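Quick note: to get my numbering, add 152 to the position in the sequence shown (first position is 1).
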Amino acid sequence: MTPTEIGALLRKLPQVDRLMKFDKMDSLSQQHSRSLVLAECRSLLDSLRARALAGDAGEEDFSEDNIIQRLSDRLSERQTPFYRRVINGTGIVLHTGLGRAPLASEVADSLVEQLRHPVRVEIDLESGLRGNRDEGCVDLIRELTGAEDATVVNNNAGATLLL
153 MTPTEIGALL RKLPQVDRLM KFDKMDSLSQ QHSRSLVLAE CRSLLDSLRA RALAGDAGEE
213 DFSEDNIIQR LSDRLSERQT PFYRRVINGT GIVLHTGLGR APLASEVADS LVEQLRHPVR
273 VEIDLESGLR GNRDEGCVDL IRELTGAEDA TVVNNNAGAT LLL
């Protein structure tokens with residue numbers, strides 16, 4: 153693409169104010185916030201500008217309808233939660249990139265109930281003083297494993313450090 157063609161393409165890039173006047177943009181601003189729509193619009197126009205300068209964009213990319221549709225798609229993607237249920241088809245039973253071992257429904261239900269209220273973690277309920285955070289499970293771990301003592305960490309890095 154020649155500099156003249158790139159310049160002509162960049163001139164077709166609509167201004168943010170012009171785009172914001174479309175009815176579809178009002179609808180997007182109601183679904184999301186106006187500030188988010190503006191920020192995403194500016195980001196999209198910046199990326200289109202960069203693609204044009206790199207010679208990697210065509211006229212169809214710069215149509216107002218196309219830009220508004222891409223903006224709508226980007227806003228929809230932002231609403232999709234990052235952390236969501238997936239199927240582990242990797243063949244690795246406990247894949248650290250896909251969370252940890254699934255919890256039984258009873259355990260998950262119990263956790264949900266516990267998480268709705270303050271829960272004793274390390275306070276001695278009789279004295280009101282801080283106690284040992286491991287106290288709630290050390291006896292159970294010792295009983296189950298026959299170990300002399302136990303401690304609890306919340307990740308593999310912590311366990312590795314202890315070794």
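For every residue, glycine included, the Cβ atom is placed at its ideal position computed from N, Cα and C.
Keep in mind that this is a model prediction, so the values were computed, not measured.
Check: Where Gly251 falls: helix, strand or coil (DSSP); Outcome: strand
Check: Distance between Leu223 and Val238 (C-alpha atoms, nearest Å); Outcome: 26 Å
Check: First and last residue of the uninterrupted alpha helix (DSSP H) at Val264; Outcome: 257-267
Check: Contact set for Pro270: own chain, Cβ-Cβ below 7 Å, skip 5 residues either direction; Outcome: none
Check: Cβ separation of Leu196 and Ile219, assumed to be a contact under 8 Å, to the nearest whole Å; Outcome: 7 Å
Check: Limits of the alpha helix (DSSP H) - the one that Gln221 falls within; Outcome: 216-231
Check: Member of Gln266, Asn240, Glu265 whose CA lies at the smallest distance from the CA of Pro254; Outcome: Asn240
Check: Contacting residues, own chain, Cβ-Cβ under 6 Å from Asp286 (five flanking each side not counted); Outcome: Thr303, Val304
Check: Three-way DSSP call (helix, strand, coil) for Ile275 in this model; Outcome: strand
Check: Integer-rounded CB distance, given that Asp276 should sit under 8 Å from Gly283; Outcome: 4 Å
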